[in-house]
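See structure below.
There are 4 protein chains.
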Amino acid sequence: WQGEFFPEIPQIKYEGPSSKNPLAYRWYNAEEEILGKKMKDWFRFSVAFWHTFRGTGGDPFGAATKYWPWEDGTNSESNKNLDEVIELAKELQKGSNIRPLWGTAQLFLHPRYMHGGATSSEVEVYAYAAAQVKKAMEVTHYLGGENYVFWGGREGYQTLLNTDMGRELDHLARFFEAAVAYKKKIGFNGTLLIEPKPQEPTKHQYDWDAATAANFLRKYGLIDEFKLNIECNHATLSGHTCHHELETARLNGLLGNIDANTGDAQTGWDTDQFLTDVGEATMIMISVIRNGGIAPGGFNFDAKLRRESTDVEDLFIAHISGMDTIARGLRNAVKILEEGRLSELVRKRYSSWDTEIGKQIEEGKADFEYLEKKAKEFGELKVPSAKQELAEMIFQSAMF
Amino acid sequence: WQGEFFPEIPQIKYEGPSSKNPLAYRWYNAEEEILGKKMKDWFRFSVAFWHTFRGTGGDPFGAATKYWPWEDGTNSESNKNLDEVIELAKELQKGSNIRPLWGTAQLFLHPRYMHGGATSSEVEVYAYAAAQVKKAMEVTHYLGGENYVFWGGREGYQTLLNTDMGRELDHLARFFEAAVAYKKKIGFNGTLLIEPKPQEPTKHQYDWDAATAANFLRKYGLIDEFKLNIECNHATLSGHTCHHELETARLNGLLGNIDANTGDAQTGWDTDQFLTDVGEATMIMISVIRNGGIAPGGFNFDAKLRRESTDVEDLFIAHISGMDTIARGLRNAVKILEEGRLSELVRKRYSSWDTEIGKQIEEGKADFEYLEKKAKEFGELKVPSAKQELAEMIFQSAMF
Amino acid sequence: WQGEFFPEIPQIKYEGPSSKNPLAYRWYNAEEEILGKKMKDWFRFSVAFWHTFRGTGGDPFGAATKYWPWEDGTNSESNKNLDEVIELAKELQKGSNIRPLWGTAQLFLHPRYMHGGATSSEVEVYAYAAAQVKKAMEVTHYLGGENYVFWGGREGYQTLLNTDMGRELDHLARFFEAAVAYKKKIGFNGTLLIEPKPQEPTKHQYDWDAATAANFLRKYGLIDEFKLNIECNHATLSGHTCHHELETARLNGLLGNIDANTGDAQTGWDTDQFLTDVGEATMIMISVIRNGGIAPGGFNFDAKLRRESTDVEDLFIAHISGMDTIARGLRNAVKILEEGRLSELVRKRYSSWDTEIGKQIEEGKADFEYLEKKAKEFGELKVPSAKQELAEMIFQSAMF
Amino acid sequence: WQGEFFPEIPQIKYEGPSSKNPLAYRWYNAEEEILGKKMKDWFRFSVAFWHTFRGTGGDPFGAATKYWPWEDGTNSESNKNLDEVIELAKELQKGSNIRPLWGTAQLFLHPRYMHGGATSSEVEVYAYAAAQVKKAMEVTHYLGGENYVFWGGREGYQTLLNTDMGRELDHLARFFEAAVAYKKKIGFNGTLLIEPKPQEPTKHQYDWDAATAANFLRKYGLIDEFKLNIECNHATLSGHTCHHELETARLNGLLGNIDANTGDAQTGWDTDQFLTDVGEATMIMISVIRNGGIAPGGFNFDAKLRRESTDVEDLFIAHISGMDTIARGLRNAVKILEEGRLSELVRKRYSSWDTEIGKQIEEGKADFEYLEKKAKEFGELKVPSAKQELAEMIFQSAMF
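Chains as they are written, first to last, in the numbering used here: chain A, 391 to 790; chain B, 391 to 790; chain C, 391 to 790; chain D, 391 to 790.
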């Protein structure tokens, strides 16, 4: 139990929906079985090291506001320091079943990466990035991580005026190919994940959204080697709902992991807030259930305290709130599925396709001449209501 | 000459930049050769029948404002009426070299298409849409059209709650396959074009942007059968510059046609304005030159007069303004290319790749271990300035 | 009871949260008392004649889809027709307590209003608009309406290039002054309301948001004669939450009425959807409770069925869903207020102001020299956490 | 001449439009007279100390990239250090006519200001902010500054859930009142300026846009004591064009200064780029000319190099580019005004108001009954075209 590290924080227990205790779960009950799976196995929650333990509260207009008790300013940026940290982590893993959900390499903070990592205009930076990813993959493997994420933090451009986009995309593909080869060489079986993001810090990131990343993977023959890590705030920044991005990933066979955060519908930058909207959480869990779960991926809290939230307690409240929201989403999604009213509405809506002509079309056996003939037979059409308001009512009724 | 139809409008002639005559070209000089090609062949301008001749000025809050002299309210919506119109068009083509840049079928206005055409929940609507596209392809072929455009006007969804997105996308693929087969059957050699648009009228259109359309085409094995018709206002609605969408299409081998219009940077809907921004036009023409021209595609004015512009003369002013803007863009793009300062800036920026190690990486011969070894040799890196402000200065200096 | 008009729709009754009947209320219980007031008196719900009874389903890309049984195409656009309609309404009011929540005049559909009504470039249109508003005010008064709304449908500009904004704003002020005078002359005591909207159909509407409207009213000395009708979808289009606009109106003494609808966070136009988000409804009701209620204003459903929702039943489902959402919002808001945890959090946050120095400042008695002296005494400051995540947790816990 | 400080940079001279020298002006010619005023007096250009001399290149995802030769990491944050700096500045002013365009106090970087300065939840922070502004006003006065700017960097909220907006706005008003009193006390005659910004770093800034700031000033009786500093990128973030914000400020008698920068139409955060769009610059200068100039305000380059632009030379290129763009804007604006075609178009558009009835309305002498009578006399109206495309063509023709 983490009491050793947070002496003033009690163990967080499930107390049920009526609890008023901010340091308790109201909806997340780790061992409770839902649809044949324990809640903890549905979610496989993960804390983000950088946001939660090293986040400073800085923003484009503000200095650090957090002075965490454990923060002594040590910078782990060198392979040597990293090795020490890793050995300590390995030691702490003994007698625990905590493993990294995934590892990653940060290729955007240091000035050397100002033009990107794998897409830098400088070949030396490309080589440096490769060395860094190599090390991060080794470490992830060593600590029992089950996924590895590429976050294209500066893989993109600020202006096309000074950019050779075609050449940069080719370099990115070469980089991913080398990563796949190295993964196999070291026997790392984890999933490789790409994390779509439309922009920020660059004006255009090459992994804009799920469909853009899928097109890239298909174009360069990498579609079977990668999955996607969908982040909700990145989804909304690209003009999509989180649910849309999850479904797009799923339909392309690419749903691998979820960065469980949220944005602000009225601001145009990545706010990385903890998700508190139960409706959105419900949509997310509908996708996850359809996907048969998310393992070996999970839900990573790529979310940060607001700059003005400076108590250690706030870290716990935020994570509890995020976990409870998603757990509530699962409970609602199950309620909707078990009621069956919504899926029945959808089934009926498409029932004209469950016919002979529908089957012929879906099997690719209906050419334009045949279809024209059928259209004449059908005569003028009476198209039924889409029942959107009813679907919304059913959905909202399940919220609790 | 069109004087027959517009008796009060004189023939529009090129008068050069200093002309104050609104009914004259200042930059577009059809027969002038630029980079070895006549201006008219660079652009292959096209007028949109629906906007220019049938546009009413209606908007979501307003009734028709245009009462064009030729508009008698006749509706050509039936194959029989259409055939009469087509025969008249064929007749008028005699002694003229005017051909349709492309044909299309409108699958979104009529209530039968309220759930989409090829992606309707109703199989009968799918058949009806097929019959309509079949006819439109025949007619396009008959009139000597060189392209055929699919505009996915309602191919999308309003809410995922009542939508089976996977099934709808499969239907769309079947529809396109049947279109390809029919095209070949009737000997129509025109390019098939998909026109990306992110949303409106639906909340999500399946052809969101160039990358999304490319992913769809790749997934369903249609990538060699289609190209894209990039519309500038659709580009900006999807969060991209028009230049970005053109470059994305080009790098995917899909740049087929351009819908030359523009939006308003502060509004969130498709305003379909005539392009008047010379900087944007210059970027567009840089892409077109890189593409070696756009034929058999061209520039279609999918642009409409403002609702408040109700004079016949306004139609001419708007098209002249649009043509002049794009012609000015071509002149500027050529100036930039001939000066060579911008391409030299880009070449130098990537010069570290024109080396042995750069070549090895680009040929896929540099694995992570080799790259790590090289990274250690390189030592700490000095990354040069990206010179964005200089690139912008060079670009702006060429505007005239 | 409305059975006379909708024979196939049963009377809508309150059946409680567990009901699965789409034609029943789950949260709205008209006669139930909440905080000393009946639910029906908190809300004073109103149906929008234009959307609900005359809405066609047309959109910028689509024709009418609704063929309501009562719609015979009759156009009531003339004072004579209007008089007949009004007399019928007056007749139907007998034995009923249904009154118009407000009346308005529609100054944007007809081509004569294409440049605006009170801000048209044409003085004749200004006069016509005045005559129309005069009649609408008379009729509202006659039918017992308690408010009158000005919706600035085209009071704005498409481009500043052809617009004299200063002159147009002066004309708008003159128009409002004349309306105030006429209201008094005919003894109409209803509240005059301005409805802020940032844009659409024009690129810029003069009543952009609550603060902009307030500035206009103050500048022209009209601040005591008007209140605001806040529409939620207009709020989000202007970059604000609905709650923000309500609070801004309230703090300026201008909260008069609410157009209860919602938009889509990912689209840039006015979708006028029925509100189904319980969190947003809760925020709205917090403002209404703080305002001591909204009467003589109320909640008007300025919301329309989706174009694809074509059953008469859908009209009922949509309104029930909207009413239930707002009723659920009231119940949640009351729960939050009665628990008191959120208001206590806020009270504590500002407690440093409940001191001698705080009082001096708030009374305007602390000048810069005094403050500098105090600042030196205070020494370095320890600024406490804003507890945003805790506030969000408390808020979300109250959702049910 | 600045050669002393930048030995490798030659003096920047005017070389005219055909120059290819990036370290020369092509459009800005300081001593040239335009409309009776020297160019330098039209613009009164100012360099931003923080961006240009202390900017680090940091962004939310990246560390510093700039290592300017003069940057030794010294932090001037204390009145004592500041006094030294000021004395040095005073010394350097001797024999120069360089004066601060304006002074300001930065109330947002330090953690003490995380909840705002004048609107902090902590009364001690309010006092500290007052002391800091007091000092900054004194220093501005001492160095001959002619304006003082309040930038409400964190005067706003992150969420209304934990915020007492009414109380915070009252505090802000008290703060401004005290600033006005102190200004008078020390005999500082400079203009006090508020700089509107909609959001970032906070979710909502109280000085959202020009109209919002004007409403605040009117509500609290401060309208005669302040003007506005309009920043173009803030304008676009609030959904307006820069020209709109300038015109709104001007029509409210509040146009005081311009922060000459620009944003990116596709990104949702403050990019603070140097303005390079000649069309936008032309619109800006049209407003400035209408305002009779901007003195004692001026054009401040609140703009920063891109993070990837790391050469000292880039600083010069960026400023030259910005100055030239605005100078080109002035030349274009003058061309448009002197041609007179655009103002004639506008004059004619409103000519129906230059009549007896128009005069009666504008003088407030036309009541609704009179207007109804006139409307009947007018009969059905023929509303002329707004000629937007012609206006755009005239505008674009003047660009060179």
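All C-beta atoms, glycine included, are put in the ideal place defined by N, C-alpha and C.
It should be emphasised that the depicted structure is a prediction, and the values quoted were computed from it without experimental measurement.
So, is the C-beta of residue i closer than 8 Å to a C-beta in chain A?
i	result
B:S468	no
B:Y740	yes
B:A625	no
C:E621	no
C:R416	yes
C:S775	yes
Since residue i meets chain A, which of its residues come closer than 7 Å, beta carbon to beta carbon?
i	result
C:M783	P412, I707, S711
Kindly indicate if chain D contains any beta-carbon less than 8 Å away from that of residue i.
i	result
B:M673	no
A:A454	yes
C:E512	yes
B:D649	no
So that I know if they touch, is there some Cβ in chain C lying closer than 8 Å to that of residue i?
i	result
A:A655	yes
A:Q589	no
A:D704	yes
D:M793	The displayed coordinates of chain D run from 391 to 790. Any statement about residue 793 of chain D would go beyond what the structure contains.
B:P586	no
A:T446	no
D:E394	no
Residues of chain D with CB closer than 9 Å to the CB of residue i, please, in chain order.
i	result
A:K593	D654, Q656, T657, T661
Per DSSP, what are the beta-bridge partners of residue i in this structure?
i	result
D:H594	D:Y547
B:S436	B:N690
A:E635	Answer is none; A:E635 lacks a bridge partner.
B:Q663	B:T652
C:Y503	None; C:Y503 has no bridge partner.
D:L533	D:L533 pairs with nothing; no bridge assigned.
C:T494	C:V539
Check the Cβ-Cβ distances between residue i and every residue of chain B, and say whether any is below 8 Å.
i	result
A:E567	yes
C:H441	no
What's the C-alpha gap between residue i and residue j?
i	j	result
D:L583	D:N487	23 Å
B:E528	C:A454	29 Å
C:D662	C:T715	15 Å
D:D554	C:E585	25 Å
C:W391	B:H500	In this prediction, C:W391 has a pLDDT of 47, which is less than 50 and means its spatial position is unreliable; nothing more can be read from the coordinates.
Using a Cβ cut-off of 7 Å, pull out every chain C residue sitting near residue i, in sequence order please.
i	result
D:Y516	I751
Show which residues of chain D have a CB atom less than 7 Å away from the CB atom of residue i.
i	result
C:W598	A601
Name, please, each residue of chain C whose Cβ falls closer than 9 Å to the Cβ of residue i.
i	result
A:V668	V668, G669, Q786, M789
For residue i, go through chain B and note every residue whose CB falls closer than 7 Å to its CB, in chain order.
i	result
D:L695	E779
List, in order along the chain, the chain B residues whose C-beta lies closer than 8 Å to that of residue i?
i	result
D:E728	Within 8 Å Cβ-Cβ: nothing; D:E728 doesn't reach chain B, min ~13 Å.
What does residue i touch in chain C if you count any residue whose Cβ is under 8 Å from its own?
i	result
B:D701	Simply none; closest approach about 13 Å.
Could you list which residues in chain A have their beta carbon closer than 8 Å to that of residue i, in chain order?
i	result
B:L582	What B:L582 touches in chain A: nothing, since even the nearest Cβ is about 13 Å away.
* Taking only runs of the alpha helix (DSSP H) that begin and end inside the segment 700 to 736 of chain D, which ones reach a length of at least 4 residues, in chain order? -> The qualifying runs are 702 to 729.
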